[in-house]
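Throughout, our numbering is defined as the position within the sequence shown, counted from one, plus 241.
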Amino acid sequence: MGLSLKNPLVVGSCSLTGSLDGVKTCAAAGAGAIVLKSLFEEQIKAETGALSSSADGPYAGEAEEYLQGYGMELGPRDYLQLVKDSRAAVDVPIIASLNCISSERWSEYAVKLQNAGADAIELNVALMPTSAKQDAAEIENRYFQILHDVKSRLAIPVAMKIGPYFTSFAKFATQLCQNRAEAPPFTVGWCGPGESGGKIVWRGADALVLFNRFYQFDIDVDKLELKAGNPYSHAAEIHTGLRWISLLHGRVDADLAATTGVHDGRDAARQLLAGAQVVQLCSTLYRHGVEQIGVVLKELTDWMAGHGFDSLDQVRGRLSQARSEYPQNFERLQYIKLFVGID
242 MGLSLKNPLV VGSCSLTGSL DGVKTCAAAG AGAIVLKSLF EEQIKAETGA LSSSADGPYA
302 GEAEEYLQGY GMELGPRDYL QLVKDSRAAV DVPIIASLNC ISSERWSEYA VKLQNAGADA
362 IELNVALMPT SAKQDAAEIE NRYFQILHDV KSRLAIPVAM KIGPYFTSFA KFATQLCQNR
422 AEAPPFTVGW CGPGESGGKI VWRGADALVL FNRFYQFDID VDKLELKAGN PYSHAAEIHT
482 GLRWISLLHG RVDADLAATT GVHDGRDAAR QLLAGAQVVQ LCSTLYRHGV EQIGVVLKEL
542 TDWMAGHGFD SLDQVRGRLS QARSEYPQNF ERLQYIKLFV GID
């Protein structure tokens, strides 16, 4: 994304980064960058009076009632102040986070975040495709529109934090990161080649954050009611992101950030070997405190020294599919080995 980080450990968007004191604490603990707690699209619309229960947002009315009933913990104006204060208080990149589901007028707020001093913006797009009337293209186009609306207004980098549930994820990820040019005029003559480049009309994401961890759904069989699942990730959840980062490294025109399931230095090393530029820490900080940032960094540094690595560039992507002598190991062959018992 073009940001200068002192190490690859980024504190992910969470309540720990929702206050100036929290930001200072994370920076003092050794974070390479900090993603602020997400501001929700519904919060922006509620404050600007633009929230409506239109067809584009079927749950907007419920969201407005929720915000009015419980209050906004951190409203849009306060969020801008948090960005300004954080930028002035710490010497690590500050990344603002917007949790969004549509491409309506709220994207203008991203400009205010840029003007407030945000070094970058993370778009946390959390669409749950539950409607049987929506096809894959319609869902993907909404992601493209959200990204376009923000990128067309900003000069700072924009990252897209997305989930893994897409029909053809490799193609979708590639399209998210591609710049698109308008079709140039083309003339044909005996000797004259046509023009080969047009004006860039759509700019791709500068980074992908893989993967968004949606809040888990559960059922209480004793009370016969719905309940929330565990909000914190476990180390075993690292594998989906690990696979796709290894598959996409070197094949998309964007940096890759790993999130979900990174709990210690060895987890961080695995994601870097797969091809991640940075790794985000969150659940492990709730379990062990923000001091865990220093623990993870030391474990990673010790691991690098033990394997003779002098720089992160020697680590990143070393075990990605693009650099592998056996690319089939990243796909179906390993599945067959596991269930058929082939050596």
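Every residue gets a Cβ at the ideal spot worked out from N, C-alpha and C, and that includes glycine.
For the beta strand (DSSP E) containing residue i, list its first residue and its last residue.
i: Met-401; result: 399-403
i: Ala-329; result: Taken as a continuous stretch (DSSP letters only), Ala-329 belongs to no beta strand (DSSP E), being part of the alpha helix (DSSP H) at 317-330.
i: Leu-449; result: 448-451
i: Ala-274; result: 274-276
i: Val-442; result: 441-443
Could you give the residue range of the alpha helix (DSSP H) that holds residue i?
i: Leu-671; result: The requested residue 671 does not occur in the structure, where the chain is confined to residues 242 to 584.
i: Ala-269; result: 261-269
Please classify residue i as buried or exposed, where buried requires at least 16 neighbouring CB atoms within 10 angstroms.
i: Phe-458; result: exposed
i: Tyr-350; result: buried
i: Val-442; result: exposed
i: Thr-371; result: exposed
i: His-490; result: buried
i: Gly-549; result: exposed
i: Lys-440; result: exposed
i: Asn-356; result: exposed
i: Gln-512; result: buried
i: Leu-292; result: Because Leu-292 carries a pLDDT of 46, less than 50, the predicted location of this residue cannot be relied on, and the following value inherits that uncertainty. Buried, because 16 or more other Cβ atoms sit within 10 Å of the Cβ of Leu-292.
Under the three-state reduction of DSSP, which class applies to residue i: helix, strand or coil?
i: Arg-421; result: strand
i: Ile-342; result: coil
i: Ala-546; result: helix
i: Val-251; result: strand
i: Ser-295; result: The pLDDT assigned to Ser-295 is 44, lower than 50, so where the model puts this residue is not dependable; a value taken from the coordinates is nonetheless given after this. Correct three-state label for Ser-295: coil.
i: Ala-351; result: helix
i: Ala-396; result: coil
i: Leu-280; result: strand
i: Tyr-311; result: Only weak support exists for where Tyr-311 lies, its pLDDT of 36 falling under 50; the value from the coordinates is given anyway. Three-state result, Tyr-311: helix.
i: Ser-565; result: coil
Answer yes or no: the CB of residue i versus the heavy atoms of the ligand GTP, is any distance below 7 Å?
i: Asp-463; result: No copy of the ligand GTP occurs in the structure displayed, which carries no ligand at all.
* **Given 8 Å, three or more beta-carbon pairs between the stretch 485-497 and the stretch 458-468** => no
* Asked: What are the complete beta strand (DSSP E) segments, minimum 3 residues, inside the stretch 492-532?
  -> 496-499, 519-522
* Every unbroken beta strand (DSSP E) inside the stretch 358-391 [3 residues or more] -> 361-366
* Asked: Can you give, in chain order, each stretch of the beta strand (DSSP E) that sits fully within the stretch 453-479 and has at least 3 residues?
  -> 458-461, 466-469
* Asked: Between the stretch 468-477 and the stretch 368-386, are three or more C-beta pairs nearer than 8 Å?
  -> no
* Asked: Are the stretch 536-556 and the stretch 504-512 in contact at 8 Å, needing three or more beta carbon pairs?
  -> yes
* Mind the definition here: the stretch 410-425 touches the stretch 442-452 only if three or more C-beta pairs lie below 8 Å; say whether that holds. => yes
* **Contact between the stretch 471-485 and the stretch 263-277 (3+ Cβ pairs under 8 Å)** => no
* Asked: Between the stretch 351-365 and the stretch 398-407, are three or more C-beta pairs nearer than 8 Å?
  -> yes
* To do: Mind the definition here: the stretch 549-563 touches the stretch 521-540 only if three or more C-beta pairs lie below 8 Å; say whether that holds.
  => no
* Is it true that the stretch 327-338 meets the stretch 260-269, where meeting means three or more beta-carbon pairs spaced less than 8 Å apart? -> yes
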